[in-house]
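Numbering (our numbering), first residue to last: 2 to 217.
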């Protein structure tokens, strides 16, 4: 009973915050450059390469939230394995060739100076690396390592939500200056997710491996 309620809460929160992220994305359609985040990035958005990177990142990343559901829903994996596989391929292609590289370009123009820029560069590199490794291991039919890196990859995908959530919490509780808050969430927004991912890997994936060894 508790497990079922927890699952509903987790997925409910996931879809709620994904919907909020969609609302943010819709502000930029079709090609608005003076709304939301871009209001403080007018110098950068005037650069053609940044503009291409920004809109590529925004318009493709929102699909990752949808695809993530097909990757981690046990019902989908159990009953519709081909949906899981094809959505996984699309997920990987988007990160490796669109969202990841465009995010890396944007990292060099992040607010908050070198401290924030470093955080977002590392985030982008790890995001693409974990996604690549999840693909590599599934091609090698190494399911366990595939699952580990898929979890890490999706944890970083969710930084789009956690970064904004932590910013609201920090501003509400501590009232820091805008750039100070941004520097904090530039790191906290994804390192926290990775910590949670590692806990999930240790307690769920590792236990699954132990169970398999016992049953062999």
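We put the CB at the ideal spot given by N, CA and C, even for glycine.
Would you say residue 132 and residue 166 are within 9 Å of each other, going by their C-beta atoms?
Between residue 132 and residue 166, the CB-CB gap reaches or exceeds 9 Å.
So what does DSSP say about residue 143, is it helix, strand or coil?
Coil at residue 143, not helix or strand.
Okay, do the stretch 189-204 and the stretch 88-108 touch, 3+ Cβ pairs below 8 Å being the bar?
No, they do not touch.
Taking the alpha carbon of residue 91 as the reference point, which residue from 79, 119, 62 has its own alpha carbon closest?
Across the set 79, 119, 62, the C-alpha of 62 shows the shortest separation from the C-alpha of residue 91.
Can you give me the C-alpha to C-alpha distance between residue 54 and residue 46, rounded to a whole angstrom?
Residue 54 and residue 46: Cα-Cα distance of roughly 10 Å.
Provide the residue span of the alpha helix (DSSP H) that contains residue 36, from first to last.
Taken as a continuous stretch (DSSP letters only), residue 36 belongs to no alpha helix (DSSP H), as it is neither H nor E.
Cβ pair residue 151, residue 89 closer than 9 Å
Going by C-beta atoms, residue 151 is nearer than 9 Å to residue 89.
Going by other Cβ atoms of all chains shown within 10 Å of its Cβ, with 16 needed for buried, is residue 176 buried or exposed?
Here residue 176 is exposed. Its C-beta has fewer than 16 other C-beta atoms within 10 Å.
In three-state terms, what does DSSP make of residue 151?
If DSSP states are grouped into helix, strand and coil, residue 151 belongs with the helices.
How about residue 43 and residue 37: are their beta carbons less than 9 Å apart?
Not in contact: residue 43 and residue 37 (Cβ atoms no closer than 9 Å).
CA-CA distance, residue 77 and residue 185?
Across the structure, residue 77 and residue 185 are spaced so that their CA atoms are roughly 36 Å apart.
Which residue wins for smallest C-alpha separation from residue 126, given the options 56, 52, 191?
When each option's Cα is compared against that of residue 126, the closest is 191.
Should the stretch 63-75 be called in touch with the stretch 10-25, which here means at least 3 C-beta pairs below 8 Å?
Using a Cβ-Cβ distance cut-off of 8 Å, the stretch 63-75 and the stretch 10-25 are in contact, since at least three pairs of beta carbons, one from each stretch, lie closer than that value.
Measuring straight from C-alpha to C-alpha, what distance separates residue 1 and residue 179?
A question about residue 1 goes unanswered here, because the residues of the chain that appear run from 2 up to 217.
Is there a Cβ from chain D that is less than 9 Å from the Cβ of residue 22?
Any reference to chain D falls outside this structure, which holds one protein chain only.
Excluding sequence positions up to five away, which residues of its chain have a Cβ less than 7 Å from the Cβ of residue 136?
Closer than 7 Å at the Cβ level, and outside the excluded window around residue 136, lie 93.
Kindly indicate which three-state DSSP category residue 159 falls into: helix, strand or coil?
It is coil, neither helix nor strand.
Close-in-space but distant-in-sequence residues of the same chain around residue 81 (CB under 7 Å, 5 per side omitted)
If we look at residue 81 and ignore the five residues flanking it on each side, it has no Cβ neighbours.
Please go through the same chain and pick out, in chain order, the residues whose beta-carbon is closer than 7 Å to the beta-carbon of residue 182, but skip the five residues on each side of it.
Excluding positions up to five away in sequence, the list reads 168, 171, 172.
Starting from residue 68, trace the alpha helix (DSSP H) in both directions and tell me its first and last residue.
It spans 49-73 - the alpha helix (DSSP H) in which residue 68 sits, taken as one unbroken run.
Alpha carbons only, please: which of 194, 162, 208, 195 is nearest the one belonging to residue 22?
Selected option, being the one with the closest Cα: 162.
Taking DSSP as the reference, what is the three-state secondary structure of residue 176?
The answer is coil: DSSP assigns residue 176 none of H, G, I, E or B.
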